[in-house]
Amino acid sequence: MESMVNSFTGLKYMRSAIRGLTILAALSFVAPAFAANPSTSTMKPKAPVAPKAPESPWTFVFNLETASNMMKDEMNGREAQTALEAVMVYKFNKITSLKISTALYKDHTGPQDAGFDNSTIGLGFTTPLATNIDWKNSITAILPTNRKAQDQSSLQGTAALASTLVYKNLFWGSSATTGISVARNFHEYNMTADGGYNIRNTAAATVGYTLPLFGNFALDTLFKYTEAWLYNDDNRMKFLFSADLSYEFTPHFSAYIGTSNEGSALKPNGVDSNIEIFNDTSSVIKAGITLSI
């Protein structure tokens, strides 16, 4: 655990401290004498200091993002989507907070569907472990508000637990996160509408890193590895990599451009790794703005 202790052991600092205490002691005797005789006092009363307004426990975050797949389909062109996410956070105290989020999406290819994505509601608990290390835990419920996905998978809801360590003020002002999470999905049917098996359980490990660059630019990266178990007891391994270049206009408004790639962690032979930072077929190009109030 990091700590900062100032030690004044030299004679020079001891003399300075004693001299300072002597001056304070003298002022403590002289000040009442001046106060007793207003005609000899040159001190003017200070204007009252306005009390600092308490911070609001509410925070609202809005994120507008548009994304397009790198691969171009011969019939429908590149898959593209725009989404608006709204997040509400209420802090009960320094440790406990409530988070609710939902999102609207609009597809720009194929049937051009529009609707709500799945919504989440969760409780978060933050425990400081050191000056620059926080331990964050959360319990989250995912609600099946995405009607299209619900028709495809008959999802009735998800319960998830997550634990994350946040490392702040690393070299060059950077920060990092490491986390693990588990989730249990609940479906009406074990199989999807197209005859496959639904995912029952997942376990994931996540690593994130943010590096401040020149000016108000920053590079945000994220890697996530997930293992999923189907209802037929088969398992799947997936990966996700994301990198964004962001610019902070104000502490409450920022914009970003970036790319992400996700897919099976293993190639069809089930042995060789399929993890790639960028792929000209499966990668997604994205851009967005974020506003917090």
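Residue numbering for the sequence shown is 13 to 305, as defined by my numbering.
Every residue, glycine too, gets a C-beta built ideally from N, C-alpha and C.
Next on the checklist: What does the Cβ neighbour count give for G227, buried or exposed, with the cut at 16 atoms within 10 Å?
Outcome noted: exposed
In this structure, does DSSP put A161 in helix, strand or coil? helix
Task: One or two residues paired with Y179 in a DSSP bridge - done: I145, A188
Whole beta strand (DSSP E) elements within the region 226-293, 3-residue minimum = 229-242, 247-262, 265-276
Discussion item. Rounded to the nearest angstrom, what separates T157 and M100 at their Cα positions?
Written reply: 17 Å
| request: Work out the CA separation of S80 and Q162 for me, nearest whole Å. | output: 23 Å
Can you find the residues in the same chain that come closer than 7 Å, C-beta to C-beta, to G182, ignoring five residues on each side of it along the sequence? In the sequence as displayed, the identity of residue 182 is Leu instead of Gly. Excluding positions up to five away in sequence, the list reads A188.
From which residue to which residue does the beta strand (DSSP E) around N210 run?
-> Here N210 belongs to no beta strand (DSSP E), and DSSP marks it neither H nor E.
Notebook entry, point to check: What residue does the beta strand (DSSP E) around T108 start on, and which one ends it?
Noted result: 108-119
From Y243, A195, L303, residue whose alpha carbon lies closest to that of F265: L303
By DSSP's criteria, E97 is part of a beta bridge. Which residues make up the other side? N75, A115
TODO: Please classify A142: is it buried, with 16 or more other beta-carbons within 10 angstroms of its beta-carbon, or exposed?
DONE: exposed
* Based on Cα-Cα distance, which residue from S165, T152, D146, R159 lies nearest to T176? -> D146
Using three-state DSSP, classify T302 as helix, strand or coil. strand
Quiz item: Can you list, in chain order, the residues of its chain whose CB lies under 8 Å from that of L7, leaving out five sequence neighbours each side?
Solution: Residue 7 lies beyond the residue range present for the chain, which begins at 13 and ends at 305; the question has no answer from this structure.
Alpha-carbon spacing of S272 relative to S258, whole angstroms: 14 Å
* Compare the Cα-Cα distances from S193 to each of A216, G207, E239, D206 and report the closest residue. => A216
request  = Pull up the distance between the alpha-carbon of E288 and that of S276, whole angstroms please.
outcome  = 10 Å
For A255 and D232, what's the separation of their Cα atoms in angstroms? 6 Å
- Item | Extent of the continuous beta strand (DSSP E) run through F128 | 126-128
Among Q124, S150, G122, H120, which residue has its Cα nearest to the Cα of I133? S150
Given that a residue counts as buried once 16 or more other Cβ atoms are within 10 Å of its Cβ, and exposed if not, what is Y268?
buried
- Looking only at its own chain, which residues have a Cβ that is under 7 Å from the Cβ of T138, when we skip the five neighbours before and after it? I107, D146, K148
Point to revise | Short Cβ contact (8 Å threshold) for T78 with T94 | key: yes
Rounded separation between G127 and L96 - CA only: 11 Å
- prompt: Within 10 angstroms of its Cβ, does L167 collect 16 or more other Cβ (buried), or is it exposed?
  reply: buried
Find the nearest neighbour of T293 within the set Y221, M82, N210, Y237, judged by alpha-carbon distance.
M82
query = If N210 and M203 are in contact, beta carbons under 8 Å, what's the gap, nearest whole angstrom?
reply = 7 Å
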